[in-house]
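The next block holds one structure in the form of structure tokens; read it before the comments.
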Amino acid sequence: MNAKFIELFKETLEIEEDIVNTETKFRELEQWDSLAFLSVIAMIDEEYDIVIEGNDFKKLVTVNDLIEEIGKRKA
Numbered sequence: 721m722n723a724k725f726i727e728l729f730k731e732t733l734e735i736e737e738d739i740v741n742t743e744t745k746f747r748e749l750e751q752w753d754s755l756a757f758l759s760v761i762a763m764i765d766e767e768y769d770i771v772i773e774g775n776d777f778k779k780l781v782t783v784n785d786l787i788e789e790i791g792k793r794k795a
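For the sequence shown, our numbering begins at 721 and goes up steadily by one.
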């Protein structure tokens with residue numbers, strides 16, 4: 721799931737370079753803003769049928785945190 725999620729994440733934020741990996745702190749990305757936040761929330765909902773509330777999302781720091789949160793909610 722990691723590779724698929726990273727590709728979806730990069731596509732959602734329109735990132736072409738290979739700068740995103742599981743340890744990437746997504747809020748530090750140049751492309752990260754409020755629209756990116758909403759776009760990632762929507763992508764997760766659409767692709768994984770999971771809604772991560774804003775307060776829960778605030779606790780997540782890295783791309784791996786997002787992947788783990790999706791895994792926990794799918795279990």
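Virtual Cβ for every residue (Gly too), placed ideally from N, Cα, C. Nothing here was measured: the structure is a model prediction, and the numbers come from that model.
Proximal residues to residue i (C-beta, below 8 Å), its chain only, five neighbours per side dropped
i, result
"Met721", "Ile787, Ile790 and Gly791"
"Glu736", "Lys730"
"Lys745", "Val781 and Thr782"
"Asp776", "Glu789"
Buried or exposed by the 16-neighbour rule on C-beta atoms within 10 Å, applied to residue i
i, result
"Leu755", "exposed"
"Ile726", "buried"
"Ile772", "buried"
CA nearest to the CA of residue i, picked from the options
i, options, result
"Ala795", "Ile770, Phe746 and Ile739", "Ile770"
"Gly662", "Val760, Glu734 and Leu728", "Here the chain has residues from 721 to 795 only, and residue 662 is not among them."
"Leu733", "Asn784, Asp776, Glu767 and Leu749", "Leu749"
"Met763", "Lys724, Leu728 and Ala723", "Leu728"
Residue i Cβ short of 7 Å to the ligand GTP heavy atom set
i, result
"Leu758", "Questions concerning the ligand GTP fall outside what the structure shown contains, since it holds no ligand whatsoever."
Beta-carbon proximity list for residue i, same chain, < 7 Å, skipping 5 on both sides
i, result
"Trp752", "Phe746"
> Hey, which unbroken runs of the alpha helix (DSSP H) at 4 residues or more fall wholly within the region 757-783?
Replying inline: 774-778
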